[in-house]
Structures are given as structure tokens and as C-alpha cells.
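Residue numbers for the sequence shown follow our numbering, beginning at 17 and rising by one.
Glycine included, each C-beta is placed from N, C-alpha and C at the ideal position.
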Amino acid sequence: MENEKITLEYVLNHISPCDKKAIEECRQRWDSIAKPLHSLGWMEEAIAIIAGAQHSSKVVTNRKILVPMCADNGVVAEGVTQTGQEITALVAENFLDEKSCAAVMCRMSDAVIRPIDIGMVVDTPRVEKRKVAYGTKNFAKEPAMTKDEAIQALETGIQLVGELKAEGYRLIATGEMGIGNTTTSSAVAASLLNVPAVEMTGRGAGLSSEGLKKKIRVIQDAIARWNLTEADPLTVLSCVGGFDIAGIAGMFLGGAYYHVPVLIDGFISSVAALLAARLCPDCTGYMIASHVSKEPAAHMVLEALGLSPALDAGMCLGEGSGAVAVFPLIEMASEIYHSMSTFAQIDMEAYEELK
């Protein structure tokens, strides 16, 4: 069914756990390499996750792509952002001209970038259109999207992973662009984790203190209006989410279904990963955490997923920049894993695991 349109329900019922045998074989290989045990830390763990996700200890990492999901959010009408929605489309086009940070980073790490219009308020000349709608509604007044739209956006992300695998990509990074999406992400995270909005909400791209208070109030009111701390994940997404979050969550589900490891970027991407995990817990075995964002809730979301990031570099840019930043680390780890000599090959006594 790789090239056919599949439904969310079908995927949720057919995701299998990551391959524990491949992970164990991978770790045995790491322990046989002539270096101190576990001395590469996250790099070793990332290769083990890839092995489990690809269901093979012979990991493949050389075909890499970043997919920024681009969408607008109606809640910006409440004054919760510093800039207007016109920036979403501008940056989405800039991805294709190497005028964004993430695009330059992709070039430097030998990765492809493929922005997707999953819900921008305008049509742009070149960004690939998978548009569910022209932006979400203002969730301060009404639900952000219908349940059918939420499902369509999730299925768009799933479908995209199937297509990318068929094109030969074996490592996918998630990214996003959408003015207002730290507001939607904070609302989704606060709802799913049942944590007060004030603990989950930051300044995003640069709000004033007064703007931050307004942002928190808008989120609190929406969560209370629909009793979202008691709601199922699809209801949370429909009421306060964004099409970018939904599309990225679909990519995490698609990664699990198609056995393709998918990298989490920053806060928004990690909230999408949490949403995917609440829809299907087994999909977490196919996720790799790249960095922890400066957003207040970033640590909490990764802890809820049980994942450890490679970097704590004070980044909060988004776009997929954190995920792309660890591509070189993964490539280096893969080269060491595949090519370095073992203790036996250099006639050296192996290190032992000490208790």
C-alpha cells in the first residue's frame, strides 16, 4: 500500500513496534568497536534508534531530507504574535532559495529541503501544495479546525512519508513555518500534559511581557472552554492545534508505519511528536530527538516522550534547524559504526561492562 492513499485508522491499527533484535545487534556492534564502551553517547543511541526503526542493524543514513510543514493560524487575530501572517508565505518561499537558516544548513549537511503548504492563507508560486484549508480558525472564538480537517492533515503527513521512502529517503527531519504556532503548540502541550498554560508558554519569536500575558490568557480560556485536559488527542488537535502540527504528527505516524526514522526538531515538532505518541505509543520508537528548545515547555515534552536530545544549544528558531544540525553527527556516527575496527581486528583486549 506504499503508493496508495491510506487512512489514519488503518495506520493506527497497523503500526508495529520498532525492531528490538536490530537494536540489540546494533548495540553489540557498538560494544565490539575499539573504543571505550558507550563513549559516543547520543551518537550511539541515535544509530540504535535508526536500526530499530529501519528493522535492520545495517543502518542507512545517506539520503536525508527536511520537510517544513507551512501553515497559518487564525489565533494570530488575538495579538499573540509580533509579526503578521504574511511572514509564513515569505519564509516558505525562501526555503527554496536558500534564504532561510534551515535551507542553508541543509546545503551544508548534504540534505534536501522540501517545504509543504499544508495550510497557508495564501498560495505561493513554488511551495508544494497539500493544503487542507487556508489557515485555521481563531481558536479563541471557535475550534481551530474540524475533526475531518484534522484527520486529513494527519493523513497528509503519513502519505508524504510513504512517498519519500519510495523516492529513496531513509532519514527525515521535521520542520515548520507558521506565525502563531508557538501559541497552538503551547495549547496542545498544556492540554495533553495537563499542565497550566503559564508553565507551557513562552515568548515565541519575541513577544513583550504584556503580549505574553495575553497569549497565556487566550490559551487558558480555550482549554477551559472545551475541557481539553480531559479530551482525546484528536479533539485537542481540532480545538487548538494547527495544520503544521497535524502534518508533522502524521509524519511521525508515517515513520512508524513505513519504518523510516523521523527527527524531532524543536518545541513545535516535539508537541507534534507527543500528539502522535498519544494516538499510537509505538511510534515513539521511530523518533530521534535532536535538540531541546529554549521554549519553557521543551524539556517537559521530551521527558514525556522519554527521549534525550543531542544538543542543548539555546536554539529556538524552528524551521527544522535543530534537526538538521544533528545530521552531521548522525553521519559521523554511522561512518564510525560501519567502518571502525573492532577489538578483535586490532588484537586488543575488549573493554568490559563494569557493575
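With a beta-carbon spacing of about 14 angstroms, A160 and G263 fall beyond the 8 angstroms limit used to define contacts. By the Cβ rule, the stretch 187-202 counts as touching the stretch 87-96, because three or more pairs are nearer than 8 angstroms.
Residue pairing from DSSP leaves M356 without any beta-bridge partner. Relative to T140, the option among H307, N110 and W58 whose CA is nearest is N110. A straight-line Cα-Cα distance of about 35 angstroms links V214 and I81. Judged by beta-carbon spacing, I65 lies within the 8 angstroms limit of P277, meaning their Cβ atoms are closer than that value.
Within 10 angstroms of the beta-carbon of S306 lie 16 or more other beta-carbons, which makes it buried. The bridge partners DSSP lists for V278 are I188 and M303. Of the candidates F283, A203, S32 and Q44, Q44 places its Cα closest to the Cα of A366.
Contact annotation: F268 and A288 have beta-carbon atoms nearer than 8 angstroms.
Per DSSP, G258 lies in no beta strand (DSSP E) and is assigned neither H nor E.
For the options C296, R186, G218 and P212, the alpha carbon positioned closest to that of K310 is the one of G218. Taken atom to atom, the span from the alpha-carbon of Y185 to that of Q98 is near 36 angstroms. The shortest C-alpha to C-alpha distance from M348 to any of D298, G57, N197 and V128 is the one to G57.
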